[in-house]
Amino acid sequence: MMDPRLTLSNRPENLKPLMKYVRKWAEDRSLSPNRRCSLEKAAEDIFRHLVTYAYQPDQPGSIAIALEERGPRLRLMFEDDAAPHNPSSITDGSTLSACRLDNDLQQLAESLVYFRTADRKNRLIVFLT
């Protein structure tokens, strides 16, 4: 069985191992092609957004992802150690990149929650139907 959580450095080249992890997770649960595609798209878009916009250029960091089935919904949890994000930039379209991410996720996600944890991590939780 797979680890319930994957942690990667915030490097663009880590998109490949992330997608391998997501595909394997989806295959292990026999998700339909449509659900698998939605899951992969959401995971890829969020990871790219975090790598590109959450960290300063060349700033080291880590991004963790955990996936869960919650009845008919899929739960994606992304956690990063970047400086606090402006949560409104994820949802109000104040930047072009945030707007694109928001529009893509709105098409895929049932809900999206962002918060800062007590241990100074940013956590983004997305539920897909």
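Residues in the sequence shown are numbered consecutively from 1, following this note's numbering. Every residue, glycine too, gets a C-beta built ideally from N, C-alpha and C.
Exercise for the section: State the Cα-Cα distance for the pair Ile46 and Ala54, rounded to the nearest angstrom. Expected result: 11 Å
Exercise for the section: Work out the CA separation of Leu50 and Asn10 for me, nearest whole Å. Expected result: A direct Cα-to-Cα measurement between Asn10 and Leu50 gives close to 8 Å.
Exercise for the section: Take the Cβ of Asp58 as the centre, count every other Cβ of all protein chains shown within 10 Å, and call the residue buried at 16 or more, exposed below. Expected result: exposed
Problem - Close beta carbons around Lys24, own chain, < 8 Å, minus the five adjacent residues each side - result: Excluding sequence neighbours, Lys24 sits near Met2.
Exercise for the section: Using a threshold of 8 Å, state whether the C-beta atoms of Lys121 and Asp80 are closer than that. Expected result: yes
Practice task
Excluding the 5 residues preceding and the 5 following Arg73 in the sequence, name in chain order all residues of the same chain whose CB lies nearer than 7 Å to its CB.
Solution key: Glu110, Phe127, Leu128 and Thr129
Problem - Best match in Arg5, Pro12, Cys37 and Pro84 for proximity to Asp119 [C-alpha to C-alpha] - result: Pro84
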